[in-house]
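The opening position of the sequence shown corresponds to residue 141 in our numbering, with each subsequent residue numbered one higher.
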Amino acid sequence: MLKRMPRLLLILLAGSGLVGCAPVPLSPPTETVFAAPRVSASGYIKYWPGTLPIVISVPHDGALMPMEIPDRTEGVTVRDSHARALAEALRAALTKKFGGAPHLIVCEISRKKVDCNRELAGATQGHPLAIQAWQEYHGLIDTAEQSILARNPHGLYLDLHSHGHPHKRIEIGYLLKPDDLKLTDQVLNTDETVRARSSIKELGRLTPGGFAELVRGKTSLGGLLEERGLAALPSPKQKLAAGEPYFNGAYDVAAHGSRDKAQLDGAQLEIPLPMRDTPEHRAATAQAFADALEVYFERHYRRKLAADQAGR
Ligand SMILES: [Zn+2]
């Protein structure tokens with residue numbers, strides 16, 4: 141009977157001396173990292189809910205090729221190899237370190253059929269089933285975000301990809317263009333229009349360190365990853381030379397980052413092959429991210445990265 145009693149009531153009863161048991165510990169909700177995911181109605185999108193204020197999405201590592209959806213005839217259709225496996229390694233590393241998992245949303249359908257990181261028309265070519273999968277993917281990211289914002293003032297959205305550029309470094313996209321990255325620290329810190337066009341607009345307002353520090357300083361995500369052995373751009377060490385390829389972020393971080401709405405801050409992460417190709421490399425990359433995010437949250441959000449507690 142006690143088990144069925146609401147936790148708050150139990151605590152009140154315990155405090156009043158009406159039940160003779162020890163105080164009820166507030167433990168985190170059941171961990172879901174190895175639990176079955178929620179599967180969308182189309183069957184193509186999977187969502188593993190979490191308890192950390194972090195959402196990870198993987199739009200481009202799907203393998204399913206349903207015959208009823210025609211192949212896309214325009215835009216990039218390359219698969220992001222190992223991106224899903226890296227997301228799972230990252231989820232495991234975060235869970236081990238913080239005692240709670242990030243939310244994870246994965247598109248299982250091939251990018252040849254639908255591209256969840258593009259606006260609807262180009263992503264789906266108007267096919268109803270492709271539109272449904274696209275809407276489910278973004279709807280589940282929204283669900284994860286709302287779940288976080290119900291318990292936290294802020295949160296971070298990471299859109300995970302793979303790249304094959306010559307420079308084997310992580311490319312972090314905040315929607316800032318190469319010309320923005322050439323601006324001086326003083327301009328980044330004082331020209332609010334630059335911050336306003338980034339997917340970390342809200343965090344840029346919150347951080348005590350200034351926007352330049354958040355984008356490319358020692359405690360930027362890139363700086364913290366560099367310090368842990370993963371080359372990353374932007375960061376104090378990595379500069380973008382003229383004409384070099386660089387993914388600065390696309391639809392996902394525009395739709396779910398804080399540029400347009402005061403919601404989660406967003407970063408597109410493009411991972412080079414040597415940091416994602418084997419289980420050992422993925423585990424090392426994931427551990428560096430987990431360690432970097434611990435410092436990042438304390439420095440910029442000014443709060444410890446921690447799992448939601450039941451009843452909070
Ligand atoms: Zn991609």
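Cβ atoms here follow ideal geometry from the backbone N, Cα and C, with glycine treated the same way.
Quantities reported herein were computed from a predicted structural model and do not represent experimental measurements.
Around the beta carbon of Gln286, a 10 Å sphere encloses fewer than 16 other beta carbons of the protein chains shown; the residue is thus reported as exposed.
Those residues having their beta-carbon less than 5 Å away from any non-hydrogen atom of ligand 1 are, in chain order, His200, Asp220, His301. For Gly344, the three-state secondary structure derived from DSSP is helix. In the DSSP assignment, Gly262 falls within the unbroken alpha helix (DSSP H) covering 260 to 264. DSSP places Ala270 in the uninterrupted alpha helix (DSSP H) bounded by 268 to 289. When Cβ pairs closer than 8 Å are counted between the two stretches, the stretch 384 to 391 is seen not to touch the stretch 351 to 370, the count staying below three.
Each residue's CA atom was taken as its position, placing Lys237 and Pro210 some 43 Å apart. Residue range 296 to 303 is occupied by the beta strand (DSSP E) that includes His301. For the stretch 175 to 234, the continuous beta strand (DSSP E) assignments of 3+ residues that do not extend past its boundaries occur at 185 to 188, 194 to 198, in sequence order. Nearest to Asp320 by C-alpha distance, out of Pro306, Arg368, Arg337, is Arg337. The beta carbons of Gly313 and Gln408 sit about 4 Å from each other, so the pair counts as a contact at 8 Å.
A residue is called buried once 16 or more other Cβ atoms fall within 10 Å of its Cβ, and Thr330, having fewer, is exposed.
For Arg335, same chain residues with a beta-carbon under 6 Å away, outside a window of 5 residues either side, are Lys341, Gly344, Phe351 in chain order.
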